[in-house]
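There are 2 protein chains.
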Amino acid sequence: MLIKMESEQRIIRLQKALNKMELDGALFVYPIDVYYFTGTRQNSTLWVPTEGNPMLLVRKSYARATTESLIEDTRPFPSSREFPNLFGPQIKRIGFTFDILPVQQYQYYSKMLPGREFTDISPINRELRSVKSEWELEQMRHSGDCLCSVFAQVPEFLKEGMRELDLSAEFECRLRKAGGEGYVRMRAFNQELFHGLAVSGATSDKPGFFDGAVSGRGLSAASPQGSSVEKIVAGSPVLLDYTVVFNGYIVDMTRMFVFGQPKPELEKAFATAIAIQQYLVENLKPGMICEDLFLVAASMAEDAGLGRNFMGAPGENARFVGHGVGLELDEYPVLAQGFKVPLQVGQTIAIEPKFVLPGLGAVGIENTFAVSSGGGIKITGMADEMISL
Amino acid sequence: MLIKMESEQRIIRLQKALNKMELDGALFVYPIDVYYFTGTRQNSTLWVPTEGNPMLLVRKSYARATTESLIEDTRPFPSSREFPNLFGPQIKRIGFTFDILPVQQYQYYSKMLPGREFTDISPINRELRSVKSEWELEQMRHSGDCLCSVFAQVPEFLKEGMRELDLSAEFECRLRKAGGEGYVRMRAFNQELFHGLAVSGATSDKPGFFDGAVSGRGLSAASPQGSSVEKIVAGSPVLLDYTVVFNGYIVDMTRMFVFGQPKPELEKAFATAIAIQQYLVENLKPGMICEDLFLVAASMAEDAGLGRNFMGAPGENARFVGHGVGLELDEYPVLAQGFKVPLQVGQTIAIEPKFVLPGLGAVGIENTFAVSSGGGIKITGMADEMISL
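Note that the protein sequences, when read in sequence, are chains A and B.
With the UniProt record's numbering, you'll find the first sequence wraps up at 389, consecutive numbering, no jumps.
With the UniProt record's numbering, you'll find the second sequence wraps up at 389, consecutive numbering, no jumps.
Printed below as a string of structure tokens:
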């Protein structure tokens, strides 16, 4: 359960940001945004005035929301006639998260609150969320321990000749039993992820829609991601990229497994990924510029002769090497081209240098780290080596 | 893989609808909408002019999209400078699905295509999708067989004293091994579902955000749905409400299990659910009005003295008894109050009369049916009885 002090501090930080933007308040309608500020993800709308106390309007379930909400003024969602009266004439400029607000919802609120100006606060919402409190880091450490405990079991159930799909099923089953909450939230409009990826060399070298280095073939054109029905064979690199969710907080990691000896090209690429991770971890400090870190990583890949294989199949490379994680898998900041902002203490970032070698498969490493003055602190505390079986 | 004829017929039906609305074409940006018309769910935008040939603009992965897309004119997404030139001055009125289009995307396309009028085509998009072709019914029958095969195994792994969570994990593992694609798509803005629900009497009587009769407690306030860590005890009804996805097509079903003898109140409620399902199946015929079917179902619940327990915890009852399923779990039509439209042959509907008895738990039945002139044809072909263990 979220604690009262967390909720209060988050709202104070938001109110400061709203004040700076000269807004009179903000409406949150997206479940995980509402959860962040209130402690409940029931179907509701949160009103945070720039000055004064927030108000949570619950559609369903009001009974459950009252047991979870940390907002004193939690009430059933009012009728369309009553709704406008909750907002006095002094409320003129209202913030909304346009990155996920559907046009139909926008039209509904425009009609309910005529004459008001709506402004996009998506960037400040994501920015606020990117810095984690000690309480949040504690949730993520729990997530990390849970995920590592399942990764540690892989040698027990990964068998030569098994289908990628069966490996997924076994991994996911253990993740759930370890307390994984299942549904992984992503913010980007056209992204989806079911738990993670269990892919081998036969499929991991193919491009896909996913905004990551590796997509997997998936089971159909409708679900073109993750494991396929291909069998895992000796020498082929098995890449397991999985997430887990605990109290809503996501942690993300990747490990490599192989039966027998991997090809030298794969070993070289893996060693380069480890070196890039090492450089990034040492520099995961406040003030470092996200884009600069990506550009150094890309140049290290280039120097190893692996520039065209870095972060994706050649020609479809992603231009990032790490992404924020938290209540969503794709939080701020992003270690990416164009992301010219400094890191802050408490940001949590999944660093994932990966290489895709056509005909051989994908290799790489991924760990979730917290930014600190001494460099990245590892949340996914398991050895990084490629595990031979 | 989607077949060419399907794609062509869907586009022709869409173009007729666009013509009727006096639109010049429609832009689709939501992955599953794009998949429906093109056969690929890669990250892309589909342009369907009211007259002429559609065009698929692919962001990622273009290589994969070219192997899947049934649209002849499939090309990489153009630059912002080139994009407007694809739309001549005769293109004035453009349809968009406002139900899922985020405001940021809307603003992007408004800027790219100045002077155009954008119109909401969400209702016609959902209406088109609600009627399934024989090819689609074939996918759904496969989904149904797959789901039933896992339900049939439940007596092998459901054990007295196990946690709801472990039951979920075992069920989900088998669903994946049977070919379940995992990610379950929902259209409604604030809804989420991870696979389904495995809940017992200790938790199934509590309300939740989910727009269904039963939510489950879940594992935290952030993931307040589905199984909890409660143990399953004798006499307590175990409700398994699960979906499966095959080639993108979802089927939905619920079965009840119990150790020992259920309480007479539960048996009576279950018998009423079966009677309501029987009535609805006999009337799942073209021309029947959705709302009327719901109202009869509600009155049957009322007559059994279970009106306040119907479709939810007392006071938080959902006002529906069945919902369309297909590429999304919440398709049209809905057997719901206010849904005054006639059924059509080929619509696929999950019928799920359920009762929530505070202190005892939830009971009910759910099957997916296809509407036909002879009444509902069952896609989830497994016996309906409550299974005693």
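Quick reminder that beta carbons are idealized off the backbone N, C-alpha and C, glycines included.
These figures come from a predicted structure and were not determined experimentally.
Between the beta-carbon of T368 (chain B) and that of A350 (chain B) there is about 5 angstroms, and that keeps the pair under the 8 angstroms contact cut. Exclusion of the five residues before and after L343 (chain A) leaves P286, M288 and V371 as the residues of its chain whose Cβ lies within less than 6 angstroms of its Cβ. When DSSP states are grouped into helix, strand and coil, L266 (chain A) belongs to the helix group. Between the C-alpha atoms of I274 (chain A) and F294 (chain A) there is a straight-line separation of about 15 angstroms.
DSSP links Q347 (chain A) through a beta bridge to A:V131.
Remark: three or more beta-carbon pairs, one from each stretch, lie closer than 8 angstroms, so the region 305–320 of chain B and the region 345–364 of chain B are flagged as touching.
The shortest C-alpha to C-alpha distance from V363 (chain B) to any of B:H323, B:I32, B:S79 and B:K268 is the one to B:K268. Remark: C-beta atoms of L46 (chain A) and T38 (chain A) approach each other more closely than 7 angstroms. Its Cα nearest to that of V245 (chain A), the residue A:V325 stands out among A:F83, A:V325, A:V103 and A:Q105. Of all alpha-carbon atoms in B:S220, B:F83, B:Y109 and B:V258, the one lying nearest the alpha-carbon of G95 (chain B) is that of B:Y109. Rounded to the nearest whole angstrom, the C-alpha separation of K16 (chain A) and T50 (chain A) is 7 angstroms. As DSSP reads the structure, D145 (chain A) sits in no beta bridge. For S223 (chain A) against G216 (chain A), the beta-carbon gap comes to about 10 angstroms, at or over 8 angstroms, which does not count as contact. Membership of N19 (chain A) in the alpha helix (DSSP H) is indicated by the continuous run K4 to K20. Comparing alpha carbon positions, the residue from B:T254, B:N283, B:Q191 and B:S44 closest to E385 (chain B) is B:T254. Taken in chain order, the complete beta strand (DSSP E) segments of 3 or more residues contained in the UniProt domain "Creatinase N-terminal" (10–131) of chain B are 25–28, 43–49, 55–60, 73–76, 93–96 and 117–120. One Cα belongs to A313 (chain A), the other to E117 (chain A), and the distance between them is close to 44 angstroms. At least 7 angstroms separates the CB of Q153 (chain B) from every CB of chain A. When the five nearest sequence neighbours on each side are left out, the beta carbons in the same chain lying within less than 6 angstroms of the beta carbon of H195 (chain A) are those of E172, in order along the chain.
The beta carbon of C173 (chain B) sits closer than 7 angstroms to some beta carbon of chain A. Contact between R64 (chain A) and Q42 (chain A) holds, since their C-beta atoms are separated by about 6 angstroms, short of 8 angstroms. In the pairwise beta carbon analysis, the region 233–244 of chain B is classified as touching the region 193–211 of chain B: at least three pairs are separated by under 8 angstroms.
DSSP, read as helix, strand or coil, puts N309 (chain A) in helix. Neighbours of E316 (chain B) in chain A, taken as residues whose beta carbon is under 7 angstroms from its own, are K60, S61 and A63 in chain order. For M300 (chain A), the three-state secondary structure derived from DSSP is helix. Classified as buried, P333 (chain A) has 16 or more neighbouring CB atoms from the shown chains inside 10 Å of its CB. Residue contact with chain B for Y108 (chain A): absent (no Cβ-Cβ distance below 7 angstroms to any residue of chain B).
Here R81 (chain B) is exposed: its Cβ has fewer than 16 other Cβ atoms, across all protein chains shown, within 10 Å. In the DSSP annotation of this structure, the continuous segment of the beta strand (DSSP E) that includes R255 (chain B) starts and ends at Y249 to V258. For V258 (chain A), the closest C-alpha among the options A:S388, A:V229, A:F339 and A:I250 is that of A:S388. Taking C-beta atoms as the reference points, V154 (chain B) and R174 (chain B) fail to come closer than 7 angstroms. By the criterion of a C-beta distance shorter than 8 angstroms, T119 (chain A) is surrounded in its chain by M21, L23, R93, I94, G95 and F96, once the five residues flanking it on both sides are discounted. The beta carbons of R187 (chain B) and D330 (chain B) sit about 5 angstroms from each other, so the pair counts as a contact at 8 angstroms. At the C-beta level, F77 (chain B) and V58 (chain B) come within 7 angstroms of one another. For P155 (chain B), the enclosing alpha helix (DSSP H) has its first and last residue at V154 to F157. In its chain, beyond the 5 residues on either side, T97, I100 and L101 have a beta carbon closer than 8 angstroms to the beta carbon of Y30 (chain B).
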